[in-house]
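2 protein chains.
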Amino acid sequence: MITERKKQVLEAVIKDYVKTAEPVGSRTVARHYMPEYSSATIRNEMSDLEEMGYLTQPHVSSGRVPNVHAYRLYVDHLINDGLINPIKDTGTEKALIARLQQMEDVVCTIAQSLSDMCRYTVAVMLPRQKNLRINSLQLMPIAPARALLVVLTDAGIIRDAVVQVSSELTADDLYGISRAMSERFSGRTLSEVQGLLQGIAIHAELEPRVMQGVGELARQMEKQASADQLRVFGSQNILFHPEFSDVEKARGFLSAVEEKQNLLKLMSRGVKQGICAYIGHENGIMELEDCSVVIASYEMGNNHRGSVAIIGPTRMPYQELLTTLSSTASILSGMLKNSLGA
Amino acid sequence: MITERKKQVLEAVIKDYVKTAEPVGSRTVARHYMPEYSSATIRNEMSDLEEMGYLTQPHVSSGRVPNVHAYRLYVDHLINDGLINPIKDTGTEKALIARLQQMEDVVCTIAQSLSDMCRYTVAVMLPRQKNLRINSLQLMPIAPARALLVVLTDAGIIRDAVVQVSSELTADDLYGISRAMSERFSGRTLSEVQGLLQGIAIHAELEPRVMQGVGELARQMEKQASADQLRVFGSQNILFHPEFSDVEKARGFLSAVEEKQNLLKLMSRGVKQGICAYIGHENGIMELEDCSVVIASYEMGNNHRGSVAIIGPTRMPYQELLTTLSSTASILSGMLKNSLGA
DNA sequence: GTTAGCACTCGAAAGGCGAGAGTGCTAACA
DNA sequence: TGTTAGCACTCTCGCCTTTCGAGTGCTAAC
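These protein sequence lines map, in sequence, to chains A and B.
Just so you know, the first sequence maps onto residues 1 to 342 in my numbering.
Just so you know, the second sequence maps onto residues 343 to 684 in my numbering.
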């Protein structure tokens, strides 16, 4: 069994190691964290902890370094014992909400500033949107034979494209077509719209080239919305951590993060828990075996959930990051509810 | 005077050094580049070239390394003697043009793929747009008391924002307002619009909150358009070059590139020439003193010019990069003309 | 003008050495 | 029985020396 004092020692080792990135000796622990005991006592405890599989010595007679298991124990303790208290800040929210309409912008802006703030790499997953419904469509003239087609969906997603139209159409004509289209298509899902466009019947009365444009745009939107997407920010931050002072490793990290497939899988898994951490090899990505991924999920109204992650070396300040991350996730949920819902 | 043979030797040294990143010895040059001479001959030539200031020895009795002056000579030769032949490719153009309407997207997409392709860092300058004129405005309903305001300018810039409107307005009402606004504002510059909105007279008949939104958006657009902007892509690529295997240096590079002010100044200068290269300290940016910046300018129709740059270590394949870069610039000019003009 | 030959220089890699940090173990103490 | 002091031992790190090889400069011969 692991005694209370052992836990204290373990925590001390973790904290010191996170700070210094150097193996921690018994003397250090005794002096800085548990002055009521002598180094010899701590030494014995550390020896036990090593035997139990929580600490490792890089070589005999150096200090000790926490293990994946140690971090695991520590993180579980943090998460389960309610030491993660998201701070609900409302300042940023107000400042941002005015300028950001689209879900994607909101999420990316937050992620960017999170990565700037904590100097780690941040990834966000934008969940796939099943059965997006069209809210309205509008055409506006931009040049003699060209119009801008804007499509709004119920999830607040706005997409536009330039379409060719016949040159004799006036702005009013375009508006008329817009109304007719909106009437026909609003409330329909993107795939329904594509289906409808297959039927020749509709084509006749409306501009066929516009219809083609609508179909094309619908297909694009659906394609983009039907897969989970991943965005990564601040990947350069990895260079600030001494475990990546070897350029080879830094490059490995960057390419692993660029290659989004694996990360996406991990983050989809992370969506299910509220907040969780994959420590070291637990993340299952070979190039990231010396990294940890802390994931929190956020809500976006219509029953969809995305997730946001901080990625860094195994040696990271879990308590701080878990707190920051879960705050961020809750801010994000709030913003998305306010700006898109209602 | 520099003889023809000296030039050959110099070119050989440059080419070999670019390839291997190791100091080049006389034997290597003789064997691989000029087998008609012996190493001793080359040795004498190299000794002369060193005295003339084109080569440097990292230490006595190592091979020699080309200098800033050597690169300068080489690059001038390349540029002036017409060795840079832009390849006009039309494949990418067709594929991209369908999906990209906004100038910014076009430029950024091209820059991204350029950096992927050549594995260097790429920066693009988006020139400031003076006196943008409004082409048309349009409101479309998105929720009971909200509308999407879309603004088109003559430079093909599209910007949108959500504005609050009173809840009893129908889609037709919004269209009416759009028409009225378009009539009033189209052809005016952004600052004129802001000026007009100061006059109370207009407010009365149109929705005041919409007018506020227009003003706000116009201000934003003008602010964004009135300063040159810089976008950087593939900054991680620097890690592939051995001169940055020291993480300190890599970090210096990244922060210099992130801090866009200096780079922007350099690139504005580069706009004036068609294509040019700043080698080593010539770029005037302290953190980039061991880097070169190759710049080409592109045209965007309305007499505005932007520029695109490749940034990497001084040791770079200038011929290849100059060619690629100037091709890219001409493709870009072409795309912008096609998609925005007319 | 070109080349062969040779002595010389210097950096990079390999081996040796001492200092310092940290451990494990034992014995003494409360 | 748990804690502590003391001591011998181990291993890394930084520093120095040595060796090896690549490449040069110079001279003399072609």
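Glycine included, each C-beta is placed from N, C-alpha and C at the ideal position.
A quick note: this is a predicted structure, and the numbers were derived from the prediction, not measured.
Quiz item: Would you call the segment 181 to 189 of chain A and the segment 224 to 238 of chain A touching, i.e. three or more CB-CB distances under 8 angstroms?
Solution: no
Quiz prompt | Reference Arg-561(B), options Tyr-640(B), Gln-536(B), Ser-380(B) and Val-493(B), closest by Cα | solution = As a working note, residue 561(B) is residue 219 in the second sequence. Cα-wise, what sits closest to Arg-561(B) is Gln-536(B).
Quiz item: Do Cys-618(B) and Gly-626(B) have their C-beta atoms within less than 7 angstroms of each other?
Solution: Residue numbering aside, residue 618(B) sits at position 276 when the second sequence is read from its first letter. Residue numbering aside, residue 626(B) sits at position 284 when the second sequence is read from its first letter. No, the pair does not count as a contact, with Cβ atoms beyond the cut-off.
Exercise. Output the distance between the C-alpha atoms of Ile-452(B) and Ser-639(B), rounded to the nearest integer angstrom.
Key: As a position in the second sequence, residue 452(B) is number 110, starting the count at 1. As a position in the second sequence, residue 639(B) is number 297, starting the count at 1. Each residue's alpha carbon lies about 14 angstroms from the other.
Exercise. Give the C-beta separation of Gln-138(A) and Ser-113(A) to the nearest angstrom, bearing in mind that I take them to be a contact with Cβ-Cβ under 8 angstroms.
Key: Walking along the first sequence from the start, residue 138(A) turns up at place 138. Walking along the first sequence from the start, residue 113(A) turns up at place 113. About 33 angstroms; that fails the 8 angstroms criterion.
Practice problem: Using a cut-off of 8 angstroms between C-beta atoms, extract the partners of Tyr-517(B) located in chain A. | Solution: As a working note, residue 517(B) is residue 175 in the second sequence. Those are Tyr-175, listed as they occur along chain A.
Practice problem: Verify whether the separation of the beta carbon atoms of Asn-356(A) and Arg-119(A) is less than 7 angstroms. | Solution: The requested residue 356(A) is not part of the displayed model; chain A covers only 1 to 342.
Quiz item: Taking DSSP as the reference, what is the three-state secondary structure of Tyr-375(B)?
Solution: Residue numbering aside, residue 375(B) sits at position 33 when the second sequence is read from its first letter. Here Tyr-375(B) sits in coil by DSSP.
Practice problem: Output, in sequence order along the chain, the residues in the segment 514 to 538 of chain B whose CB is closer than 9 angstroms to any CB in chain A. | Solution: Asp-514, Tyr-517, Ser-520, Arg-521 and Ser-524
Self-check item: Secondary structure of Met-467(B), DSSP reduced to three states
Solution: To locate residue 467(B), count along the second sequence from 1; it is residue 125. Looking at Met-467(B) - three-state DSSP - the assignment turns out to be strand.
Quiz item: When the cut-off is 7 angstroms and only beta carbons count, does Lys-436(B) lie next to chain A?
Solution: Residue mapping note: residue 436(B) aligns to position 94 of the second sequence, counting from 1. Model confidence at Lys-436(B) stands at a pLDDT of 49, short of 50, so the residue's coordinates are unreliable; what they give is reported in the following sentence. Cβ-Cβ to chain A under 7 angstroms: no for Lys-436(B).
Quiz item: For Leu-581(B), which residues in chain A fall below 8 angstroms Cβ to Cβ?
Solution: Here residue 581(B) is taken as the residue at index 239 of the second sequence, counted from 1. The contacting residues are Val-247, Ala-250, Arg-251 and Leu-254.
Quiz item: Do we get a CB-CB distance below 7 angstroms when we pair Ile-142(A) with the residues of chain B?
Solution: As a first step, residue 142(A) must be located in the first sequence, where it is residue number 142. Yes, its Cβ sits closer than 7 angstroms to a Cβ of chain B.
Quiz prompt | Closest by C-alpha distance to Ser-326(A), when choosing among His-32(A), Asn-85(A) and Lys-7(A) | solution = In the first sequence, counting from the first residue as 1, residue 326(A) sits at position 326. Minimum Cα distance to Ser-326(A) is reached at Asn-85(A).
Quiz item: How long is the line joining the alpha carbons of Gln-273(A) and Pro-66(A), rounded to whole angstroms?
Solution: In the first sequence, the residue the question calls residue 273(A) occupies position 273. In the first sequence, the residue the question calls residue 66(A) occupies position 66. Cα to Cα, Gln-273(A) sits roughly 25 angstroms from Pro-66(A).
Quiz item: If we call anything under 7 angstroms between Cβ atoms a contact, is Arg-133(A) one with Asp-105(A)?
Solution: Taking the first sequence and counting its residues from 1, the one referred to as residue 133(A) is at position 133. Taking the first sequence and counting its residues from 1, the one referred to as residue 105(A) is at position 105. Contact flag unset, no.
Quiz item: At least one CB of chain B closer than 7 angstroms to the CB of Gln-164(A): is that the case?
Solution: Here residue 164(A) refers to the residue found at position 164 of the first sequence. Answer no: the Cβ-Cβ gap between Gln-164(A) and chain B never drops below 7 angstroms.
Quiz item: CB-CB under 7 angstroms to Gln-506(B), same chain, minus the five flanking residues each way: which ones, in chain order?
Solution: As a first step, residue 506(B) must be located in the second sequence, where it is residue number 164. Here the set comprises Ala-487, Arg-488 and Arg-551.
Quiz prompt | Continuous beta strand (DSSP E) stretch holding Val-165(A): start and end | solution = Translated into positions along the first sequence, residue 165(A) becomes position 165. First-last for Val-165(A): undefined, no H or E at that position.
Exercise. Would you please state the rounded distance, in angstroms, between the beta carbons of Val-466(B) and Val-650(B)? I believe it to be under 8 angstroms.
Key: Here residue 466(B) is taken as the residue at index 124 of the second sequence, counted from 1. Here residue 650(B) is taken as the residue at index 308 of the second sequence, counted from 1. Contact holds; Cβ gap of about 5 angstroms.
Exercise. Taking Thr-41(A) as part of the alpha helix (DSSP H), name the residues at either end of that continuous run.
Key: Translated into positions along the first sequence, residue 41(A) becomes position 41. Looking at the DSSP string, the run of the alpha helix (DSSP H) that includes Thr-41(A) is 39 to 51.
Quiz item: Less than 7 angstroms separating the beta-carbons of Ser-634(B) and Met-658(B)?
Solution: The sequence position of residue 634(B) within the second sequence is 292, counting from 1. The sequence position of residue 658(B) within the second sequence is 316, counting from 1. Against a cut-off of 7 angstroms, the Cβ pair of Met-658(B) and Ser-634(B) comes out as a contact.
Quiz item: Checking contacts by CB at 7 angstroms: is Leu-572(B) closer than that to chain A?
Solution: Along the second sequence, one-based indexing puts residue 572(B) at 230. Chain A contact via Cβ: absent.
Quiz item: Apart from the five residues on each side of it in sequence, which residues of its chain come closer than 6 angstroms, Cβ to Cβ, to Val-214(A)?
Solution: Position 214 of the first sequence, counted from the start, is the residue given in the question as residue 214(A). Cβ within range, chain order: n/a, list empty.
Self-check item: Limits of the alpha helix (DSSP H) - the one that Ala-180(A) falls within
Solution: As a working note, residue 180(A) is residue 180 in the first sequence. Counting along the chain, the alpha helix (DSSP H) containing Ala-180(A) begins and ends at 171 to 185.
Quiz item: Using the rule of at least 16 other Cβ atoms within 10 Å of the residue's Cβ for burial, across every protein chain shown, is Arg-64(A) buried or exposed?
Solution: Translated into positions along the first sequence, residue 64(A) becomes position 64. Classification for Arg-64(A): buried.
Quiz item: What separation, rounded to the nearest whole angstrom, lies between the Cα atoms of Ala-98(A) and Glu-601(B)?
Solution: Within the first sequence, the letter at position 98 stands for residue 98(A). Within the second sequence, the letter at position 259 stands for residue 601(B). Caution applies to Ala-98(A), whose pLDDT of 45 falls short of 50 and renders its modelled position unreliable; the value that the coordinates give is listed next. Distance between the alpha carbons of Ala-98(A) and Glu-601(B) is about 27 angstroms.
Exercise. Let me know if Ile-2(A) comes out buried or exposed under the rule of 16 or more other beta-carbons within 10 Å of its beta-carbon.
Key: Against the first sequence, residue 2(A) aligns to sequence position 2. Label assigned to Ile-2(A): exposed.
Self-check item: Contained beta strand (DSSP E) runs [length at least 3] in the segment 253 to 292 of chain A, N- to C-terminal order
Solution: 275 to 278
Self-check item: Neighbour flag for Lys-7(A) against chain B, beta carbons, 7 angstroms
Solution: Taking the first residue of the first sequence as 1, we reach residue 7(A) at position 7. For Lys-7(A), the answer is no, since every Cβ of chain B falls outside 7 angstroms of its Cβ.
Quiz prompt | CB-CB length for Val-107(A) against Leu-332(A), believed under 8 angstroms | solution = The residue you call residue 107(A) lines up with position 107 of the first sequence. The residue you call residue 332(A) lines up with position 332 of the first sequence. Contact flag correct, Cβ pair sits at about 7 angstroms.
Quiz prompt | Residue range of the unbroken beta strand (DSSP E) whose run includes Ala-218(A) | solution = Position 218 of the first sequence, counted from the first residue, corresponds to residue 218(A). Not the beta strand (DSSP E): Ala-218(A) falls in the alpha helix (DSSP H), residues 208 to 225.
Quiz item: Would you say Gly-306(A) and Pro-127(A) are within 7 angstroms of each other, going by their C-beta atoms?
Solution: Residue mapping note: residue 306(A) aligns to position 306 of the first sequence, counting from 1. Residue mapping note: residue 127(A) aligns to position 127 of the first sequence, counting from 1. It is a contact, given that the beta carbons lie within the stated cut-off.
Exercise. Using beta-carbon positions only, say whether Asp-336(B) and Thr-656(B) come within less than 7 angstroms of one another.
Key: Given that chain B is displayed from residue 343 to residue 684, the structure contains no residue 336(B) and the question cannot be resolved.
Quiz item: Would you say Leu-152(A) reaches chain B, if we count a Cβ-Cβ gap shorter than 7 angstroms as a contact?
Solution: Residue numbering aside, residue 152(A) sits at position 152 when the first sequence is read from its first letter. It does; some Cβ of chain B falls within 7 angstroms.
Exercise. Might you give, ordered along the chain, the residues of its own chain that have their beta carbon closer than 6 angstroms to the beta carbon of Leu-73(A), omitting 5 neighbours on each side?
Key: Counted from its first residue, the first sequence places residue 73(A) at position 73. Answer for Leu-73(A): no residue qualifies.
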